[in-house]
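The structure appears right after this line, and notes come after that.
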Amino acid sequence: MRGRPHGEARRDLVEPARPAAIAASAVEHQQGLALPANPGMDADAADRDRLLTRSHGPYYAPAMQTTPLAVRLGEFAAGLRFEELPVAVVDKAKALVNHAVTVGLAGSAHPRSVAARRAVLEHERLGPRRIGAGQGATVWVDGARATRPGAAFANGVAVAVNNQCDSYHMLTHPGVLIVPAGLATAEGEGKSGGALLTALVAGYEVQCRCARDFIPSTPAHGFRASPVYGILGCAATTAKLLGLDARGVGHAIALAASFAGSLIEGQRTGARDADFAEAQAARSGMWAASLAAQGFQGAPTALEGEGGFYHAFTGSHTGDLAYTFTGPPKADLGEIVADLGRRWEVLDVKFKIYPTPGFNQPVVWLASEVTARHKLVADEIEHVTLEMNYLETLYPSPRFPRPPAPDGSGFGRTAYMLAYTLIAGDYPVLEANVEDPRDAGASSGAEIAARVAALQRKVEIVGAVGRECFAPRLTVTLRDGRRIAGEYHGRELMWDFARDAKELRRFVPGLPISPERYERFAAAVAGLDKAPSVDEIVRLTLPD
1 MRGRPHGEAR
11 RDLVEPARPA
21 AIAASAVEHQ
31 QGLALPANPG
41 MDADAADRDR
51 LLTRSHGPYY
61 APAMQTTPLA
71 VRLGEFAAGL
81 RFEELPVAVV
91 DKAKALVNHA
101 VTVGLAGSAH
111 PRSVAARRAV
121 LEHERLGPRR
131 IGAGQGATVW
141 VDGARATRPG
151 AAFANGVAVA
161 VNNQCDSYHM
171 LTHPGVLIVP
181 AGLATAEGEG
191 KSGGALLTAL
201 VAGYEVQCRC
211 ARDFIPSTPA
221 HGFRASPVYG
231 ILGCAATTAK
241 LLGLDARGVG
251 HAIALAASFA
261 GSLIEGQRTG
271 ARDADFAEAQ
281 AARSGMWAAS
291 LAAQGFQGAP
301 TALEGEGGFY
311 HAFTGSHTGD
321 LAYTFTGPPK
331 ADLGEIVADL
341 GRRWEVLDVK
351 FKIYPTPGFN
361 QPVVWLASEV
371 TARHKLVADE
381 IEHVTLEMNY
391 LETLYPSPRF
401 PRPPAPDGSG
411 FGRTAYMLAY
421 TLIAGDYPVL
431 EANVEDPRDA
441 GASSGAEIAA
451 RVAALQRKVE
461 IVGAVGRECF
471 APRLTVTLRD
481 GRRIAGEYHG
491 RELMWDFARD
501 AKELRRFVPG
511 LPISPERYER
521 FAAAVAGLDK
531 APSVDEIVRL
541 TLPD
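FYI, this note's numbering numbers position 189 of the sequence shown as 189, with every residue one higher than the one before it.
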């Protein structure tokens, strides 16, 4: 198994500079300057200065050799313009909205989604139902007006519950947080569709860049990676839609780093707190941006500092890694901000449509393709070998693995999903979330259930070091001795808008809105870059 224990934090602290010796340019990064007044606020400059004087005592940071990561990311996010986005990035941003809202509609009737809406509306309902700019935002399907963080929470839970959200490097799911938060903020602020798309790209870039090399090391230290990194992107998206400048967005990211969290124990033991974890992180990310808009400041080195985010969640502030998907156990923190505006991590986001953990998605797709291409008959199968990245077989972490399902369906129910697909040729997208034997196959008959149970015992799953995630290799041995093989390489599910929209239409029979209304919704998302507001998108989430 690849990886090594994390290194100890460096103990030789740099002596803080005396206040008089700190250069003016360093003060901006180390202590933070007052933000310019937010366009929607009434306080004048004098009031703002008094607020900052009341809210912040002076603090002295060590002199920094490079611009802090939160500052660099804030500069990028605040400065990003829609006109600068490549066509492929705009197309991907539309796909992110289409996917998150569609699976959110599909998940809206789930008991945990209903409970989340009920909890939000009990405490955070705001006045009569309406759509558009002003205080609060709309709860999808229900139509009630709630606080923006409340609406993002309720909508985010609906996106998460069936495990059909997007995925970046297997363990993070930006769309559960960033899209609901972005839509709620854009609606309340009266922002255009283009402004929303730009802010979403900014947030996805912040989250994905901060997460990329560090994702496997985070659960190794007991934390769930998706909400831990998602809060950063959520803060950036919200701050940009609030109109904050570069320093303001940087403070939002820094505050979000301080607010981050989410334990992995629930996933290890089979509890379902993960259904709410990203949605709660979305709330905290939105609050980080709102506090930054009020002039509150985070530590500039909140991410890479000796007592900062990476030390807390990966065990090292210098890039030492506990585990990696591929490559050496060392990351360069400078890569987080390298090629900003030229390299787009958002394009690497994958889409999930099956109600099962991300590592099973390419397995179902590959098995379906192999079955169709070779006209496989499941009863003729003697043995099945499935090779996956080793971390995909030890979810959520090799240090805290979840026990395999007792029915022999395999860790993460991978063997079940594979066997079902080899028999049926596909897996129903409107089935219940497949995480344990109580979830799967609720709508399947006894005959197919018995066949799946028999075939899954013939499945051998091999964890391979150095193999990309979402890149399974499948070898099917038939009773006559023939072998049939297929393989993915990790990029097959990085769909554009058209491909994702095609697959999402499989959800239409289970949506709370009519097929005609859903087609109008998809068309509105496709034209989002020309829309003067996001109101039509929100309106079409409500039943006819």
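Ideal Cβ placement from N, Cα and C applies to all residues, glycine included. If you're wondering where the values come from, they're calculated on a predicted model, not measured in any experiment.
Output needed for residue i: all residues of its chain with C-beta closer than 6 Å, excluding positions within five of it in sequence on either side, in chain order.
{"i": "Gly132", "result": "Asp535"}
{"i": "His110", "result": "Val161"}
{"i": "Pro149", "result": "Arg283 and Met286"}
{"i": "Tyr488", "result": "Pro362, Leu366, Ala471 and Pro472"}
{"i": "Val538", "result": "Ile131, Thr138 and Glu187"}
{"i": "Arg72", "result": "Val337"}
{"i": "Gly466", "result": "Thr326"}
{"i": "Gly266", "result": "Asp273 and Ala274"}
{"i": "Ile513", "result": "Pro543"}
Roughly how far, in whole angstroms, is the beta-carbon of residue i from the beta-carbon of residue j, given that I think they are within contact range, below 8 Å?
{"i": "Leu291", "j": "Ala257", "result": "Rounded, the Cβ-Cβ distance is 13 Å, inconsistent with contact."}
{"i": "Gly188", "j": "Ala137", "result": "5 Å"}
{"i": "Phe309", "j": "Ala236", "result": "With a Cβ gap of about 14 Å, Phe309 and Ala236 do not count as contacting."}
{"i": "Trp140", "j": "Phe351", "result": "Not quite, the Cβ-Cβ distance comes to about 19 Å (not below 8 Å), so this is no contact."}
{"i": "Leu177", "j": "Ala146", "result": "Actually they are not in contact, since the Cβ atoms of Leu177 and Ala146 sit about 17 Å apart, beyond 8 Å."}
{"i": "Cys165", "j": "Val228", "result": "The pair is not a contact, with the Cβ atoms about 16 Å apart (cut-off 8 Å)."}
{"i": "Tyr390", "j": "Gly486", "result": "With 8 Å as the limit, Tyr390 and Gly486 do not qualify as a contact, their Cβ atoms being about 20 Å apart."}
{"i": "Val564", "j": "Tyr427", "result": "The structure shown does not extend to residue 564, since the chain is modelled only from 1 to 544, so the question has no answer here."}
{"i": "Leu69", "j": "Leu303", "result": "4 Å"}
Would DSSP call residue i helix, strand or coil?
{"i": "Lys502", "result": "helix"}
{"i": "Thr53", "result": "Caution is warranted here: a pLDDT of 29 is assigned to Thr53, below 50, making its placement in the model unreliable, and no coordinate value can be reported."}
{"i": "Asp480", "result": "coil"}
{"i": "Gly250", "result": "helix"}
{"i": "Ile336", "result": "helix"}
{"i": "Gly486", "result": "strand"}
{"i": "Val159", "result": "helix"}
{"i": "Ala37", "result": "No answer about Ala37 holds up, because its pLDDT of 38 lies below 50 and its placement is not dependable."}
{"i": "Phe214", "result": "coil"}
{"i": "His221", "result": "helix"}
{"i": "Ser192", "result": "coil"}
{"i": "Lys350", "result": "strand"}
{"i": "Thr541", "result": "coil"}
{"i": "Tyr427", "result": "coil"}
{"i": "Arg373", "result": "helix"}
{"i": "Met388", "result": "strand"}
{"i": "Ala277", "result": "helix"}
{"i": "Tyr395", "result": "coil"}
{"i": "Ile231", "result": "helix"}
{"i": "His123", "result": "helix"}
{"i": "Glu84", "result": "helix"}
{"i": "Gly414", "result": "Reading the sequence as shown, one finds Thr at residue 414 and not Gly. Three-state DSSP puts Thr414 in a helix."}
Could you tell me which of the options sits nearest to residue i, measuring between CA atoms?
{"i": "Leu474", "options": "Phe325, His383, Pro128 and Pro398", "result": "His383"}
{"i": "Thr421", "options": "Leu455, Asn389 and Arg112", "result": "Leu455"}
{"i": "Ile484", "options": "Gly463, Tyr390 and Ala367", "result": "Ala367"}
{"i": "Ala531", "options": "Ala95, Leu196, Ala181 and Gly188", "result": "Leu196"}
{"i": "His221", "options": "His173, Leu386, Tyr168 and Pro401", "result": "Pro401"}
{"i": "Ala526", "options": "Val97, Phe76 and Val71", "result": "Val97"}
{"i": "Phe325", "options": "Val101, Val452 and Arg212", "result": "Arg212"}
{"i": "Ala432", "options": "Ala501, Pro403, Pro355 and Asp379", "result": "Pro355"}
{"i": "Gly270", "options": "Arg413, Ala158 and Ile448", "result": "Arg413"}
{"i": "Leu478", "options": "Glu516, Thr238, Trp140 and Lys458", "result": "Lys458"}
{"i": "Cys234", "options": "Ser217, Val201 and Thr218", "result": "Val201"}
{"i": "Gly315", "options": "Tyr395, Phe214, Pro403 and Ala372", "result": "Phe214"}
{"i": "Ala77", "options": "Ala184, Ile253, Ser217 and Ser226", "result": "Ile253"}
{"i": "Glu460", "options": "Leu418, Ser217, Pro428 and Cys210", "result": "Leu418"}
{"i": "Arg268", "options": "Leu340, Lys502 and Ala405", "result": "Ala405"}
{"i": "Arg373", "options": "Arg505, Ala199, Val476 and Val508", "result": "Val476"}
{"i": "Gly481", "options": "Leu303, Thr238, Glu380 and Pro328", "result": "Glu380"}
{"i": "Leu376", "options": "Gly425, Ala93 and Gly175", "result": "Gly425"}
{"i": "Ala563", "options": "Ala453, Glu516 and Ala523", "result": "The chain is shown from 1 up to 544; residue 563 falls before or after that span and cannot be answered."}
{"i": "Ser533", "options": "Gly182, Pro329, Pro300 and Gly248", "result": "Gly182"}
{"i": "Arg209", "options": "Ala158, Pro300 and Arg342", "result": "Arg342"}
{"i": "Gly298", "options": "Thr66, Gly74 and Thr541", "result": "Gly74"}
{"i": "Ala450", "options": "Ala378, Arg505 and Phe497", "result": "Ala378"}
{"i": "Pro300", "options": "Phe276, Met388, Gly248 and Gln294", "result": "Gly248"}
{"i": "Ala158", "options": "Ala293, Asp320 and Gln280", "result": "Gln280"}
What residues in its chain sit with their C-beta under 7 Å from that of residue i, if we drop five residues either side in the sequence?
{"i": "Met170", "result": "Gly358, Phe359, Glu392, Cys469 and Phe470"}
{"i": "Ser545", "result": "Coverage of the chain is limited to positions 1 through 544, which leaves residue 545 absent and any answer about it impossible."}
{"i": "Leu511", "result": "Leu105, Ala106 and Tyr518"}
{"i": "Gly490", "result": "Glu468, Cys469, Phe470 and Ala471"}
Might you give, ordered along the chain, the residues of its own chain that have their beta carbon closer than 8 Å to the beta carbon of residue i, omitting 5 neighbours on each side?
{"i": "Ile264", "result": "Pro219, Gly222, Phe223, Arg224, Pro396, Ser397 and Phe400"}
Validate contact between the region 118-125 and the region 242-256 using beta carbons, cut 8 Å, 3 pairs: The answer is no - the region 242-256 does not touch the region 118-125, with fewer than three Cβ pairs under 8 Å.
Meets three-Cβ-pair contact criterion under 8 Å: the region 347-355 and the region 86-97: Enough Cβ pairs lie closer than 8 Å, so yes.
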